[in-house]
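**Q** Numbered by mature numbering (1 follows the signal peptide of the UniProt record, and there is no 0), the letters in the sequence shown go through residues -31 to -1, 1 to 293 in order. Have a look at the structure that comes next, please.
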Amino acid sequence: MTSVGHGRLLRAGIAVLAVLAVLLPATAVRADPVEDAEEQIEREYHDLEAVIEDYNKISKEFKDTKKQVAKLEKELKPFEEKLSVLYERVAEIASNVYMGGSLSGMTAVLTTGTPDNLAERITLLDQVTVDDSTAIDELNAAKAELDERKSVLDSLYADQSGREEELREKKETIETDLERLQEQREKAYRDSRGIDPDDFVPPYIPGDRGKVVNFALKQVGLPYIWASSGPDGFDCSGLTLRAWSQVGLDLPHNAEAQWNMLPHIPRDQLQPGDLVFYNDLSHVAMYIGDGYVVQAAINYNNVAIETLDGAASDYYGAARIPGF
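Written out as structure tokens, the structure reads:
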């Protein structure tokens, strides 16, 4: 072959490689819509966790502030009542003196006005007892101190109230986004996996519980193997112990022993990842949400998804892993 021919081949080869360099990365990075939705759910969930923690913190602080405000208002009430009595008493004395004509013109003028500044004018009335004047001064000073403290608390109350409302709205917004993302994921799951419209699509569970549930769901289809905890097959307690080991928890390889070591919960409080027990503690499954469990059951011959009531004939109870 001539050098010209070699040159043409080389140029053609370079052109093909250039095209492949453009096309292959695009193909390789094309996202799975299900995984994309799950990644978004995970991010939103972690944002929600942070918001909820902030919300819980500010709610506790707000509750404490409300208690302090209520306590101060209770302390202020007797001051206000006693001041009112003293003001009325002094005003009555001043009125009697004025009507009797024993006040100078300037003093008579100073007795007019509101009770708020009566304590300032009272020293000009030599007919008013020293005890009344002193009592009012002392009460005013004590009340002013409490009023100042209450003013600080009122400001804090307003700030915390606004912060709590802001966090509540943010929490509701994220929860709405999570619902939307779950719907997007379910649609993508059905479209890409060829799921029948009537078939159950397990919701994506984020966080540590999600690691546990998602691990168990990935085992669906593996065979039931007596006394096995994977990786090629499972029995009922072998599946639950291996799933929870994904987050560092060590469960015993026995359904009754798992029941005995965990706190029990009512059926209506089940959350994904909780354990559900059947047949006098001879069988255990994992709740995955929406009334379904994933289980390794001998009568199914494999790991499968089933309804809560269809998993076994005799529901016994449910238990939760502490701290999750």
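Glycine included, each C-beta is placed from N, C-alpha and C at the ideal position. On a predicted model such as this, the values are computed, not experimentally measured, just so you know.
Jot down the residue ranges of each uninterrupted beta strand (DSSP E) in the segment 196 to 262, minimum 3 residues, whole runs only, in chain order.
**A** Taken in chain order, the complete beta strand (DSSP E) segments of 3 residues or longer contained in the segment 196 to 262 are 244 to 247 and 252 to 258.
**Q** Of all the options P232, D243, I21 and K119, which has the alpha carbon lying nearest to the alpha carbon of K43?
**A** K119
**Q** Assuming the contact rule is C-beta atoms closer than 8 Å, M255 and A157 should be a hit. Round their C-beta distance to whole Å, please.
**A** Wrong, their Cβ atoms sit about 24 Å apart, outside the cutoff.
**Q** By a C-beta neighbour count over all protein chains shown, 10 Å radius and 16 as the cutoff for buried, is I27 buried or exposed?
**A** buried
**Q** Who does Q264 pair with in a DSSP beta bridge?
**A** A273
**Q** Please say whether I257 and I274 have beta carbons closer to each other than 9 Å?
**A** yes
**Q** Given that a residue counts as buried once 16 or more other Cβ atoms are within 10 Å of its Cβ, and exposed if not, what is A129?
**A** According to the sequence as given, residue 129 is Gln; it is not Ala. Buried, by the Cβ-count rule.
**Q** With H, G and I counted as helix, E and B as strand and the rest as coil, what does DSSP make of P2?
**A** helix
**Q** With H, G and I counted as helix, E and B as strand and the rest as coil, what does DSSP make of P171?
**A** coil
**Q** Compute the Euclidean distance between the alpha carbons of H15 and G217, then round it to the nearest angstrom.
**A** 20 Å
**Q** When the Cα atoms are used, what is the spatial distance from D123 to K36?
**A** 12 Å
**Q** Please identify the residue among P175, A19 and F293 whose C-alpha is closest to the C-alpha of K139.
**A** A19
**Q** Quick test of your reading: V182 and W213, contact by CB under 8 Å. State the CB separation rounded to the nearest angstrom.
**A** That belief does not hold up - the Cβ atoms of V182 and W213 are roughly 10 Å apart, past 8 Å.
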